[in-house]
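Here's the structure we're looking at; comments come further down.
Residue numbers (the working numbering), protein chains in the order written: chain A, 1 to 305; chain B, 1 to 501.
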């Protein structure tokens, strides 16, 4: 287990360095940010800002400077907000974490029971209806669904607020829009796992020994079918982080997604770089955690990797 | 492109469903406003974008106040002004001005602010706002004397709102606080804020000027336009701005809201680089540049795609600006004349050029490209982010650039014509004669002389066709029916002027 953990950690660390290098280079590939930063300012304003922020230095020098800071936990100052990026991240991540976790919970609450149902009643009306729901949710881009919800629940009926993130009412539409985005893959996996598990010898044996249907499903089949869902849920959590950029923009939720959108629009390089790094770190950490849980649950996984 | 279409469809759906009456907050006298971007800071000297600058102007006051209708400069923190000579101005300071923390403004605050923000180490975001000040000193008990480095015709413009006065004690203690918790002498004080998402302003009862009619401003940051429309139509907002013309047109039919279209200082243009491709580009020839001017039907595009209060412009400035000449060469849409000019220049089979778009909407340039094709000018449209496009233009890498310019909202050609043609980094024409005229105009306080020199420069620019002047912008705001308010020509919404019908 220790060797397995070590291998995983080394791979993750290399990935983090790789991602930081790529993100840094890509961000700088789009040109000198001083002109954008100068906003409505003249060329003289842009030239002064370029000098002030060292944008003229070679990219490797700038990367080195940035990396040294990051190691110390210093992501530099936001070019747009003129405040430490670390402070901005601290301010914006809680909303994204709340939104992501709530959306994941919502997605799992739909995916697990519906997946089990579809797996158990293969070919039935319930199975077809579930698969239809999954296909629709998959086909609908989150921002479209978000606007549809706003039209129905805010403009037409004024039941829910169209923006903000204060009361439970504010949570409903963003969580549904984001949760439905993550749900289909998990639902389908749940269904196929359920179908597979139900045909295994040990389930047949359990049934042959006279165990009741519900008991077999909940105690044995579901437990085994849930295992692959751990990995997928971790991956989907990363998808939710990406989706939060759109959802937070539409619902004006002041989270890390909206911060990412703002920094892209404003050419706020230090904030963008920090966000890409942190998003990547979270994604890698979640995948690592899922691998470890799977490794712990199933010795075959440890041996295979 | 696909996304834009979807967004348009969604806006159409939102508008079609917007039958509910907006519940404007006339009852509790609060005005609910949306901006599409979070202010970077509320410190007026460190901000470069309109939303932040507009909000800062609610909190701060300058020494003078410009009447936006007449263009005259009246009293504010100073009771008036007097030019001692071309480079010296004296302003007596009021004694009854209070900051939002209750402290009384003194002449020391004025001297401190002016000397600090004009110092090089301070790094004010817009240098033309402050760099003209050599020093500010006290004359007598209550009078400030400002000495300029050279005669600066925009001094009064800058002293009106562009140079807010800060409380010395507060600013000295911690400058960064001013960005989040500003203390000024303006008509509103910041009562609470969730930085980046919500700002609440309350009327400042000790304000020295006319008290605003609206008691409370609630400003929310809603980055998505469709969310703004939804909030406006469901009564959560009373005022939104920068609404695209097609959406504004549809909104006009919604009974619960009013569309206000204001003519503003911002102008659109296409810049032509005669030095492109090391002077080997067809743009090096005056005939080709003139042909491009003849090949665009500006009025047709303006009518179809810009609308509102916009008007076609002919010179490299906004006609509302001092020094913007009316009698320059104009180019009426004439594809046949354009073709003839191209042939005279040695391009009988037409030309192909790249045009960089740094400020959408692209639809305008699509229309222009289709018109120009009739005259044998084929355009490849290239969209670039504003920062990238401007950097490339300044490095001479772009042949044609389409963008817009707001002149900081200041009604003087020094901030338009001179920005583009006085030999600075934005000037790819670098015509020595034009530069000479503009230098003379920008460094004199003699209005007649200035007007004459700007006119001479603009005449050459038009004859040489270094630019395709397009139109001035129309700013569309959509607001609750019972709100009486409009954005001023300098593109600043002054919410203290708002009233309920």
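Heads up, the beta-carbon is just placed ideally off N, CA and C, and yes, glycines get one too. As the structure is a prediction and not an experimental result, all values here were calculated from the model.
Rounded to whole angstroms, the Cβ separation of residue 259 (chain A) and residue 88 (chain A) is 6 Å, and the two are in contact under 8 Å.
Secondary structure note for residue 479 (chain B): its beta strand (DSSP E) is the uninterrupted segment 467 to 480.
Taking 9 Å as the threshold, the shortest C-beta distance from residue 276 (chain A) to chain B does not fall below it.
At a cut-off of 9 Å between beta-carbon atoms, residue 134 (chain A) makes no contact with chain B.
Distance from the Cα of residue 55 (chain B) is smallest, within the candidate group B:295, B:175, B:193 and B:449, for B:193.
For residue 92 (chain B), the enclosing beta strand (DSSP E) has its first and last residue at 88 to 92.
When beta bridges are read from the DSSP output, residue 209 (chain A) appears opposite no residue. Taking a Cβ-Cβ cut-off of 9 Å, the neighbours of residue 37 (chain B) in chain A comprise 262, 265 and 266, given in sequence order. Around the beta-carbon of residue 159 (chain A), fewer than 16 other beta-carbon atoms lie within 10 Å, marking it exposed. If you look at residue 33 (chain B), you'll find it in the beta strand (DSSP E) that goes 30 to 35.
Taking 9 Å as the upper bound on Cβ-Cβ separation, chain A lies near residues 226, 227, 228, 229, 230, 231, 233, 234, 235 and 236 of the segment 226 to 237 of chain B.
Using a Cβ-Cβ cut-off of 8 Å, residue 46 (chain B) is close to 82 of chain A, given in chain order. Counting every other CB atom within 10 Å of its CB across the protein chains shown gives residue 85 (chain B) a total below 16, marking it as exposed. Secondary structure of residue 388 (chain B) (DSSP, three-state): helix. Close CB contacts of residue 111 (chain A) within its chain, under the 7 Å cut and outside five residues either way in sequence, are with 183, 186, 187 and 190 (chain order). The C-alpha of residue 219 (chain A) lies about 10 Å from the C-alpha of residue 211 (chain A). When C-beta distances to chain A are compared with 7 Å, every residue of the segment 474 to 486 of chain B stays at or above that value.
Around residue 244 (chain B), no beta-carbon contact reaches into chain A at under 9 Å, the shortest distance being about 17 Å. Near chain B, meaning a CB-to-CB distance below 8 Å, the residues of the segment 155 to 178 of chain A are 155, 156, 158, 161, 162, 163 and 164. A Cβ-Cβ contact shorter than 9 Å links residue 41 (chain B) with residue 179 (chain B). Cβ contact annotation for residue 245 (chain B) (same chain, cutoff 8 Å, sequence separation greater than five): 305, 306, 307, 308, 474 and 476, in chain order.
Look at residue 74 (chain B) here: in three-state DSSP terms it is strand. Inter-residue distance for residue 113 (chain B) and residue 367 (chain B) is about 49 Å (C-alpha atoms, whole angstroms).
Of B:268, B:269, B:265 and B:286, the smallest CA-CA separation from residue 275 (chain B) is found for B:286. Taking the Cα of residue 44 (chain A) as reference, the smallest distance to any Cα among B:423, B:151, B:83 and B:280 is reached at B:423.
Ranked by Cα distance from residue 252 (chain A), the options B:489, B:317, B:38 and B:155 are led by B:38. Going by DSSP, residue 91 (chain A) is part of the alpha helix (DSSP H) stretching over 85 to 120. When DSSP states are grouped into helix, strand and coil, residue 230 (chain B) belongs to the helix group. Put simply, the CB of residue 126 (chain B) is near chain A, with a gap under 9 Å to one of its CB atoms. Only buried fits residue 58 (chain B), as 16 or more other CB atoms lie within 10 angstroms of its CB.
What residue 123 (chain B) touches in chain A, judged by beta-carbon distance under 8 Å, is 48 and 52, going in chain order.
Legend: CB atoms of the segment 157 to 181 of chain B lying less than 7 Å from CB atoms of chain A belong to residues 179. Using a CB distance below 7 Å, the part of the segment 376 to 404 of chain B facing chain A consists of 385, 386, 387, 388, 390, 391 and 394, ordered along the chain. Below the 8 Å Cβ cutoff, chain A contributes no neighbours of residue 250 (chain B), its closest Cβ being approximately 14 Å away. Of the candidates A:234, A:114 and A:100, the residue whose Cα lies closest to the Cα of residue 179 (chain A) is A:100. Residue 62 (chain B) places its beta carbon less than 9 Å from that of residue 163 (chain B).
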